[in-house]
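A short write-up of the structure that comes next.
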Amino acid sequence: MTTTENRRSKRTEILEDRPVNLDGFVEEWPEKGLVAMESDFDPAPSVRVEDGRIVELDGRVRADFDFMDTFIADHAIDVETAEEVTAIPSVEIARALVDPGASRDELIRIGRGLTPAKILDVVKLMNVVEIMMAMQKMRSRRTPANQAHSTSAKDNPIQVAADAAEGALRGFAELETTLGVVRYAPLIAIALQVGGQVGRGGVLTQCALEEATELELGMRGITAYAETISVYGTESVFVDGDDTPWSKAFLASAYASRGIKMRFTSGTGSEVQMGNAEGRSMLYLEIRCILMARGAGVQGLQNGSISCIGVPGAVPGGIRAVAAENLIASWMDLECASGNDQSFSHSSMRRVSRALPQLLPGTDFVCSGFSGVPNADNMFAGSNFDVEDYDDWNTIQRDLQVDGGLRHVREPEILQAREKAARALQAVFAELDLPAITDTEVEAAVYAHGSGDYPDRDVLEDLKGAQSVMDRGVTGLDLVKALERTGFHDVAENLLTVLRQRVSGDLLQTAAILDDDFVPRSAINDANDYGGPGSGYRLQGERWEQLKKLRHVTSAENPETEVS
Amino acid sequence: MSTAPDLGPADYPLSVNRQDLLRTPTGKPITALTMDAVVSGEITAEDLRITPETLQLQATLAESVHRRQLAQNFRRAAELTAVPDAEVLAMYNALRPRASSKAKLLEIADNLESKYGATVCGALVREAAEVYERRDLLAREEG
Amino acid sequence: MTAPAVQRTLSLKEIGPAQRGSRPDEVVVAVSPAFGDYFSKTIVDVPHAEVVRQILAGIEEQGVAARMVKVWDTADLAAVAHTGARLSGSGISIGLLSRGTAMIHQRDLPRLSNLELFPQSPLLDAEVFRRIGSNAAQYAKGESPAPVPTRNDQMARPRWQAKAALLHLKEYECIVAGRKPVEVEPVVSRA
């Protein structure tokens, strides 16, 4: 029988229509850096120290250093151990990373002296399961956590407050927002701060903005931490971003000087996307970012490709490289907020598989932005997971007995928190003489899904209000007072407790979050102590009981009813 | 002030274990930051800032767990507590690529060192000036 | 599967070094090095012949003249568009990259600024290109048209981000450093 060229089988047609075929895939082009982590064009590891100074790094002598080489050589690498540890065979280091018998502390000590190419050489030996094994041990905080995006396509502050409250209640440790119209920022940041403290005291909030504006909101105590401080792996792309390692290091100190927690952001694919990868693989360049972050003395890093995920996602082995970059951030002893925060695939199977290398071993923040609003309202251009995935996420946690930072919450509790957040914001707006929030808007907030379910705001009036927040110099303390005066005593108390943290500086330490009792939990007092089966973080006890609950579970005692 | 105590991991979190060491910039103990004090106006936004002494304590803690760069960042931060917000922002902007001449950067470093006693920050800015010169990242001469 | 319709192929016939225009009622359409050359269609397969046809029609329907220029020494959209604006008699230009990304620019604006930017190349179709041409012509007449509505698609990243990066790299390979802009005439042939 002969086949006809234009005729397709029914099976091919079905496969052709599968969502995965809407995703884009490309061939590698290593000469240009369009390659995940295995490239002949990456340098071989080398390091040479003279007079207490690194004079050669990965085949380049000091006279030829670009500013990344210079910064990494002078700030990131331990000069005393560099030659010794870089001489250890890569396979020994890779095996130690996987071996439960090798301590985290010893691997941190080795890692502190390694060059970027040596680190790449080590992780290239590891498959994705080994990368997960290593992540389980190397993540800095013992207890994993999660972060949400809380934004609104209409920049509606009531929506942001209500979804922040729900997100906090469901378990997110951090909430992040950003804007459609940037001038709305003060109102949205206030809404996030108030809503977050309603759902669960101690949630930390941030508003992603241009660097200088973001710092200003933080200085005023309207936000609690900062994250969108981008760094890049080549000098030319770094300069295109209008920064240098020195300006970013200075900015890190500026945040700490105001008691504000901060992490940098980087990720595979950003350099090749901008056309300036200098012929290096995506992971090699990301390793330079990670070392730059450590050299700057910032406590943590958001990485995992982030907004460039479509690039590593399209090349062979790209998601393995993304898992590796999270591991390296942890190995370099930084807090790692591990991506899974941008629309990644049309295929739900791919969306989940992309997240497993972070969800299964646990990271400091499994998602650096699980969308706490419908993706259509996500002003970070959509996340890998959104509110419609809450029940799936909870079920996966229960199936595999892993802690992804969330839990199922019964609807009455959620509705109550949403209403209280909207009411609290209504009161704060009235106290601060900002455009009124009506009872109709509060009611909409209780039952809404997305921004379309709320009455439209008078945008021009809101923007005037936002400007007045800046002009009058409204601070976090003013929010506390407004909440207290209007009878939201517990919310006021929660917010004051969060603000008080900046006096102690405890949240500046690596991977710090606040637990339900407002006790700072960081890589110092909750240090990862994984040492093989039976050790480290185990999902058990009260927390496991929480995670056994789902929306529909048939009661064993009375199978005619459900428990939830 | 007495010499900084020798802190270790067991002292963390300071807000729980070492409240005795924590003060606000106006000299109040951290335990004075109560709702009553906020309502009565005794506490102002100024009280909710971190002091250089506390940042030095956190630096000691970071060193005790072998995080030398993090400690160094806290020491730079301790110096910057004295610098007003607007000036901090201006210094950051001056450190952006091609934003400043070498003389301008050295002037910022001088100012940090002499006016604020910020020697660690000053050194960072001097280092930037040198690297920027070598990598052609100083402000380009205009006309 | 698809029955091939009449395929129009664009070629850009070089006329000579691009000159600053003297007509106050013209728009310059400045294209990147690989446009109508190494590449023949945008990231979503809109033929360059169609892109040019729609843009020129949009300009002409406003009674404004159009001129095309090939920029050789950069593939940066803002630089391509600004080069066109400086050559334009009205000071208005449309910059175009091979993958379809477009920008309306004006001579007096800083290079990194623009009048309208269309960064999401996968969402630009024939109709949008026509409206871009029309708006540019209206700016050239000194009018203030309502900006062409921008579209957004959450799923553009997974589908197109890597291909866009690849096209970007290829376009950069076609740069001829130091070569001055050339005035070109669009020639459409039917295959």
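Residue numbers (my numbering), protein chains in the order written: chain R, 289 to 852; chain B, 2 to 144; chain F, 2 to 192.
For glycine and all other residues, C-beta sits at the position ideal for the given N, C-alpha and C.
From the options, pick the residue whose C-alpha is nearest to that of residue i; which is it?
i: Y173(F); options: P182(F), S89(F), L78(F); result: L78(F)
i: W619(R); options: G605(R), T651(R), L722(R), A332(R); result: T651(R)
i: I510(R); options: M550(R), L783(R), K320(R), S852(R); result: L783(R)
i: L539(R); options: R97(B), R19(B), G9(B); result: R97(B)
i: S122(F); options: T43(F), A80(F), G85(F), D109(F); result: T43(F)
i: I365(R); options: G347(R), I381(R), A351(R), I398(R); result: I398(R)
i: E51(F); options: L11(F), Q107(F), T151(F), H106(F); result: L11(F)
i: P120(F); options: G101(F), H169(F), P111(F); result: G101(F)
i: T32(B); options: S792(R), S641(R), N846(R), G468(R); result: S792(R)
i: T403(R); options: S391(R), A500(R), I578(R); result: I578(R)
i: P432(R); options: P847(R), T842(R), R826(R), E848(R); result: R826(R)
i: D805(R); options: L8(B), S16(B), P10(B), R141(B); result: S16(B)
i: P53(B); options: T82(B), L8(B), D7(B); result: T82(B)
i: F526(R); options: S297(R), H840(R), L795(R), M356(R); result: M356(R)
i: R760(R); options: P821(R), A512(R), R508(R), Q685(R); result: R508(R)
i: G37(F); options: L13(F), V29(F), R54(F), A19(F); result: L13(F)
i: I176(F); options: M69(F), R112(F), D154(F), V32(F); result: V32(F)
i: D621(R); options: G588(R), K752(R), A332(R); result: G588(R)
i: S284(R); options: V314(R), R306(R), Q424(R), V448(R); result: For chain R, the structure presents residues 289 to 852; residue 284(R) sits outside this window and is missing.
Could you name the residues that DSSP lists as bridge partners for residue i?
i: L893(R); result: In the structure as shown, chain R begins at 289 and stops at 852. Residue 893(R) is therefore absent and cannot be evaluated.
i: V32(F); result: K71(F), L97(F)
i: M550(R); result: A514(R)
i: I342(R); result: V337(R)
i: W317(R); result: L322(R)
i: K42(F); result: P48(F)
i: E729(R); result: In the DSSP output, where bridge partners are listed per residue, E729(R) has none listed.
i: S190(F); result: T10(F)
i: C624(R); result: L589(R)
i: E368(R); result: DSSP, once it has assigned bridges, lists no residue as partnering E368(R).
In this structure, does DSSP put residue i in helix, strand or coil?
i: C657(R); result: The sequence shown places Gly at residue 657(R), rather than the Cys named in the question. In the structure shown, G657(R) sits in a strand (DSSP, three-state: E or B).
i: P146(F); result: coil
i: K298(R); result: helix
i: T102(F); result: coil
i: H169(F); result: helix
i: M325(R); result: coil
i: H49(F); result: helix
i: I597(R); result: coil
i: S12(F); result: strand
i: C577(R); result: helix
i: I51(B); result: coil
i: P5(F); result: Low per-residue confidence applies at P5(F): pLDDT is 48, beneath 50, and the placement is therefore not dependable enough to give any value.
i: R400(R); result: coil
i: Q447(R); result: helix
i: L722(R); result: coil
i: H840(R); result: coil
i: E850(R); result: strand
i: F119(F); result: strand
i: C122(B); result: helix
i: T465(R); result: strand
i: S3(B); result: Bear in mind that a pLDDT of 45 at S3(B), under 50, signals an unreliable position, so the model cannot answer this.
i: P182(F); result: coil
i: R24(B); result: strand
i: R158(F); result: helix
i: A375(R); result: coil
Inset, instruction - Scan the stretch 474-546 of chain R and note each continuous alpha helix (DSSP H) run of 4 residues or more that stays entirely inside, going in chain order. - result: DSSP runs (the alpha helix (DSSP H)) wholly in the stretch 474-546 of chain R: 499-507, 523-528, 533-545.
Inset, instruction - May I ask you to verify whether the stretch 626-640 of chain R touches the stretch 655-673 of chain R, counting CB pairs closer than 8 Å and requiring at least 3? - result: The stretch 626-640 of chain R makes contact with the stretch 655-673 of chain R; the number of CB pairs closer than 8 Å reaches 3 or more.
Legend entry - Stretch-stretch touch, CB-based, cutoff 8 Å, three pairs: the stretch 776-793 of chain R with the stretch 756-767 of chain R: Between the stretch 776-793 of chain R and the stretch 756-767 of chain R there are three or more C-beta pairs closer than 8 Å, enough to call the two in contact.
Legend entry - Inter-stretch contact at 8 Å, needing at least 3 Cβ pairs: the stretch 123-139 of chain F / the stretch 60-67 of chain F: Result yes; three or more Cβ-Cβ pairs closer than 8 Å.
Inset, instruction - Spell out a yes or no on whether the stretch 405-419 of chain R and the stretch 530-537 of chain R are touching, meaning 3 or more CB-CB pairs, one atom from each, closer than 8 Å. - result: Below 8 Å, too few C-beta pairs join the stretch 405-419 of chain R and the stretch 530-537 of chain R to call them touching: fewer than three.
Inset, instruction - Mind listing, in chain order, the continuous beta strand (DSSP E) runs of no fewer than 3 residues lying wholly within the stretch 627-705 of chain R? - result: Segments of the beta strand (DSSP E) lying fully in the stretch 627-705 of chain R: 656-659.
Inset, instruction - Examine the Cβ distances between the stretch 606-616 of chain R and the stretch 667-675 of chain R and report whether three or more of them are shorter than 8 Å. - result: Below 8 Å, too few C-beta pairs join the stretch 606-616 of chain R and the stretch 667-675 of chain R to call them touching: fewer than three.
Inset, instruction - Specify whether the stretch 463-471 of chain R and the stretch 487-496 of chain R touch according to this definition: at least 3 beta carbon pairs, one from each stretch, less than 8 Å apart. - result: Taking a cut-off of 8 Å on C-beta distances, the stretch 463-471 of chain R touches the stretch 487-496 of chain R, as three or more cross pairs fall below it.
Inset, instruction - Tell me, please, whether the stretch 443-450 of chain R touches the stretch 742-758 of chain R by the rule of three or more beta-carbon pairs shorter than 8 Å. - result: Judged by Cβ distances under 8 Å, the stretch 443-450 of chain R makes contact with the stretch 742-758 of chain R, as three or more pairs qualify.
Inset, instruction - For the stretch 692-707 of chain R and the stretch 835-846 of chain R, state whether three or more C-beta atom pairs, one from each stretch, are separated by less than 8 Å. - result: Result yes; three or more Cβ-Cβ pairs closer than 8 Å.
Inset, instruction - Could you tell me whether the stretch 515-526 of chain R touches the stretch 809-820 of chain R, where touching means 3 or more Cβ pairs closer than 8 Å? - result: A contact between stretches requires three or more CB pairs, one per stretch, nearer than 8 Å, and the stretch 515-526 of chain R fails this requirement with the stretch 809-820 of chain R.
Legend entry - Cβ pair count under 8 Å reaching 3, the stretch 53-64 of chain B against the stretch 7-14 of chain B: By the Cβ rule, the stretch 53-64 of chain B counts as touching the stretch 7-14 of chain B, because three or more pairs are nearer than 8 Å.
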